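S.K.: Those sequence lines, one after another, are chains A and B.
Taken in order, the first sequence gives residues 5 to 393; the numbers are from my numbering.
Taken in order, the second sequence gives residues 259 to 394; the numbers are from my numbering.
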Amino acid sequence: MNPFVFQSPTRVMFGEYTTAACGDFVLELGGQRALVVADAFLVQSGVLGPLLESLSSQGLLPPVVFSDVPPDSDIACVDRGAAIAREAGCDCIVAIGGGSVIDTAKVIGICLTLGGELLDYQGLNVIDKKLMPLVVVPTTAGTGSEVSFVAMIKDHKEGKKLMFGSSWLAPDVAILDPSLLLSLPPKLTAATGLDAITHGIEAFVAANTNSVATDALCLEALRLLFDNLPRAFKNGDDMEARSATLVASTMAGIAFSNSGVGVIHALAHSVGAMFSTHHGMTNGVFLPYGMEFNLPQVAPQYARIARYLELEGVAGLDHTAAAELLIKAVRQLLKTLSLPVRLRDLGIESLSEDDYDELACLAASDPAIMFNPRDCNNDDLIDLMKRAY
Amino acid sequence: MAVFASSDELHRIMTDLWTAIKLDPQMSGPLLASRLTVQFHYRDPEGRLTVDCSDGEEMRIFAGECDKKPVVEMFMKSDIAHEFWLGKINVPLALIQGKIVSKGPVNKALTLLPVLKPAYAIYPKIIKDHGLKVSV
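(1) Does DSSP put residue 277(B) in a helix, in a strand, or in coil?
(2) Along the chain, where does the alpha helix (DSSP H) containing residue 366(A) start, and where does it finish?
(3) Near residue 235(A), which residues of its chain fall below 7 Å by C-beta distance, leaving aside the five closest residues on each side in sequence?
(4) Can you name the residues of chain A whose CB is closer than 9 Å to the CB of residue 361(B)?
(5) By how many angstroms is the C-alpha of residue 50(A) removed from the C-alpha of residue 325(A)?
(6) Report the neighbours of residue 355(B) on chain A: residues whose CB is nearer than 8 Å to its CB, in chain order.
(7) Any idea what DSSP makes of residue 310(B), helix, strand or coil?
(8) For the structure I just gave you, are there three or more beta carbon pairs, one from the stretch 261-281 of chain B and one from the stretch 348-359 of chain B, closer than 8 Å?
(9) Cα separation between residue 316(B) and residue 290(B)?
(10) Give the straight-line distance between the Cα atoms of residue 109(A) and residue 379(B), rounded to the nearest whole angstrom.
(11) For a minimum of 3 consecutive residues, which ranges assigned as the beta strand (DSSP E) are wholly contained in the stretch 286-355 of chain B?
(12) Using 8 Å as the Cβ pair cut-off and three pairs as the minimum, do the stretch 281-300 of chain B and the stretch 375-389 of chain A touch?
(13) Which full runs of the alpha helix (DSSP H) of 4+ residues lie inside the stretch 177-227 of chain A, going along the chain?
(14) Can you check which of these residues, 370(B), 335(B), 298(B), 353(B), is closest to residue 273(B) by C-alpha distance?
(15) What in chain A is Cβ-close to residue 369(B), meaning under 9 Å?
(16) For the stretch 273-283 of chain A and the stretch 46-63 of chain A, state whether three or more C-beta atom pairs, one from each stretch, are separated by less than 8 Å.
(17) Are residue 130(A) and residue 170(A) touching if we call contact CB-CB under 8 Å?
(18) Where does the unbroken beta strand (DSSP E) through residue 66(A) begin, and where does it stop?
(19) For the candidate residues 305(A), 214(A), 226(A), whose alpha-carbon lies nearest to that of residue 261(A)?
(20) Below 7 Å CB to CB, which residues in the same chain sit around residue 117(A) once its five sequence neighbours on both sides are set aside?
(21) Quick one, are the C-beta atoms of residue 313(B) and residue 335(B) less than 8 Å apart?
(22) Per DSSP, residue 37(A) is paired with what?
(23) Nearest chain A C-beta to residue 296(B) closer than 8 Å, yes or no?
(24) According to DSSP, which residues form a beta bridge with residue 16(A)?
(25) Can you tell me which of 155(A), 273(A), 357(A) puts its alpha carbon nearest to the alpha carbon of residue 387(A)?
(26) Taking only beta-carbon atoms, is residue 136(A) less than 8 Å away from chain B?
(27) What residue ranges within the stretch 228-294 of chain A form continuous alpha helix (DSSP H) runs of no fewer than 4 residues, ordered along the chain?
(28) Can you give me the start and stop residues for the beta strand (DSSP E) that residue 382(B) sits inside?
(29) Would you mind stating whether residue 351(A) and residue 257(A) have Cβ atoms separated by less than 8 Å?
(30) Please find out if some non-hydrogen atom of the ligand NAP comes closer than 7 Å to the beta-carbon of residue 185(A).
(31) In whole angstroms, give me the CA-to-CA distance for residue 212(A) and residue 354(B).
(32) Give me the chain B residues within the contact set of residue 211(A), using Cβ-Cβ distance strictly less than 7 Å, ordered along the chain.
(33) Thinking C-alpha only, which one of 58(A), 52(A), 115(A) is nearest residue 79(A)?
(34) Could you tell me whether the Cβ of residue 329(B) comes closer than 8 Å to any Cβ of chain A?
(35) The alpha helix (DSSP H) spanning residue 45(A) covers which residue range?
(36) Based on the DSSP secondary-structure assignment, which residues constitute the bridge partners of residue 157(A)?
Structure, rendered in structure tokens:
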């Protein structure tokens, strides 16, 4: 067995309607007044009620809500949030929302704790000390940001994406409350779920960084997702299915934080940067093509997933045939979830040779690609995109 | 025991290595095209090396303190640097485990990795020339 280091600093609490426990965690972490980072829709829909109530009880000072977080958050948004927190004297952060909200809260935490220029903390492992307490409540099941060590935001002025990576960015507590997902529309349920499935598959085959610990998380996360994502998509009120997808997403998040992702995420990041496509949907489009590309390198691992999922007809198949069955199952899942299967279905009307070149360069320099099990050059990336188009 | 006996030895070897990289158009071409300035910070023993490609025409190598502001900074133990140039380090794992700190735009730092692969073949000769008594 290869030596490994596995870490998961975030305490995870799961349970229906557990958002109301947030105040207890804030108290335990030594907080008095929380900055609540949320998206505006959550505020309008009244979802924040129990959370705000819990953060105003037990002698805690009334929280301050910052809900001006766009889907693709940026430095300006982080600066606004940090300024509000400073003015109100907030000493802890609570994030409730999807990946963008949670990433914004993480970066606000950097500003409030470390001060100085935000760009000085850009990179991997630059942050080397404990940040302000952070409690997160995800309202989608997919990004894994509630347990991940990474935050990404945009610098719209410079046209760049900034990446912050450090185990100190892992939230202190993640509250997994499936009741918050009941109102998530089917399309978003499917798209975010595909993000989690891609995390599970890519982390399972990551080059020399996976371990028995991440393998176990990936396999069980994928089983939960393959079994329950179609159910949650079909019936949003299915609490059991919502619970399973939420927990699975967090498990896949812990796995990829320890082992990385791969070419599928690298391509999804580059296409998303150029065309603002939905991250989960873009992952979904690239997933079968990326798996086909990696298959010669990782057929036994894909076969192991296929067997763990007990895919129909897998018994007796050799590694390659079982791996191909898994890719077929992924394609079937995309169809079941009515998700786009081609890049053109994402609204990308055409791609010129220059576009392909630029996208390949972006993907080749994306940190995700270094974890891919099979080396890929720009020609490979372009070929992969053309097949996915 | 550390691979490099002193900061001086570390600086001499790294300067020779980067000079060899500079003289190899296969490596220096893409580095100059990137116009990056990269600074390496080493510890045990302490050391600093700055590679300035900012004008796109000449690669400048500075050992020790340097006023030039880098775009990317890499921090690591000198022994990790040694293993890297021997092609023995798993960079993704080293990053995940925090053995290497990459400050600045990560994508720019990663672009350089494949470009530098031919230097793995040069490094053993350089350390041999310096009489470094380590197995390669």
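Just so it is clear, CB atoms sit at the ideal spot from N, CA and C, and this is done for glycine as well.
Being a predicted model, the structure only gives us computed values, none of them experimental.
M.R.: The relevant details are as follows:
(1) helix
(2) 357-368
(3) 242, 245
(4) 124, 125, 126, 127, 128, 129, 130
(5) 50 Å
(6) 9
(7) strand
(8) no
(9) 7 Å
(10) 45 Å
(11) 295-301, 305-310, 318-321, 330-335
(12) no
(13) 190-208
(14) 298(B)
(15) 365, 368, 369
(16) no
(17) yes
(18) 65-70
(19) 214(A)
(20) 135, 136
(21) no
(22) 65(A)
(23) no
(24) 178(A)
(25) 357(A)
(26) no
(27) 243-263, 267-279
(28) Here residue 382(B) belongs to no beta strand (DSSP E); instead the alpha helix (DSSP H) covers 377-387.
(29) no
(30) With respect to the ligand NAP, the structure offers nothing, as it holds no ligand at all.
(31) 11 Å
(32) 350
(33) 115(A)
(34) no
(35) 44-48
(36) 166(A)
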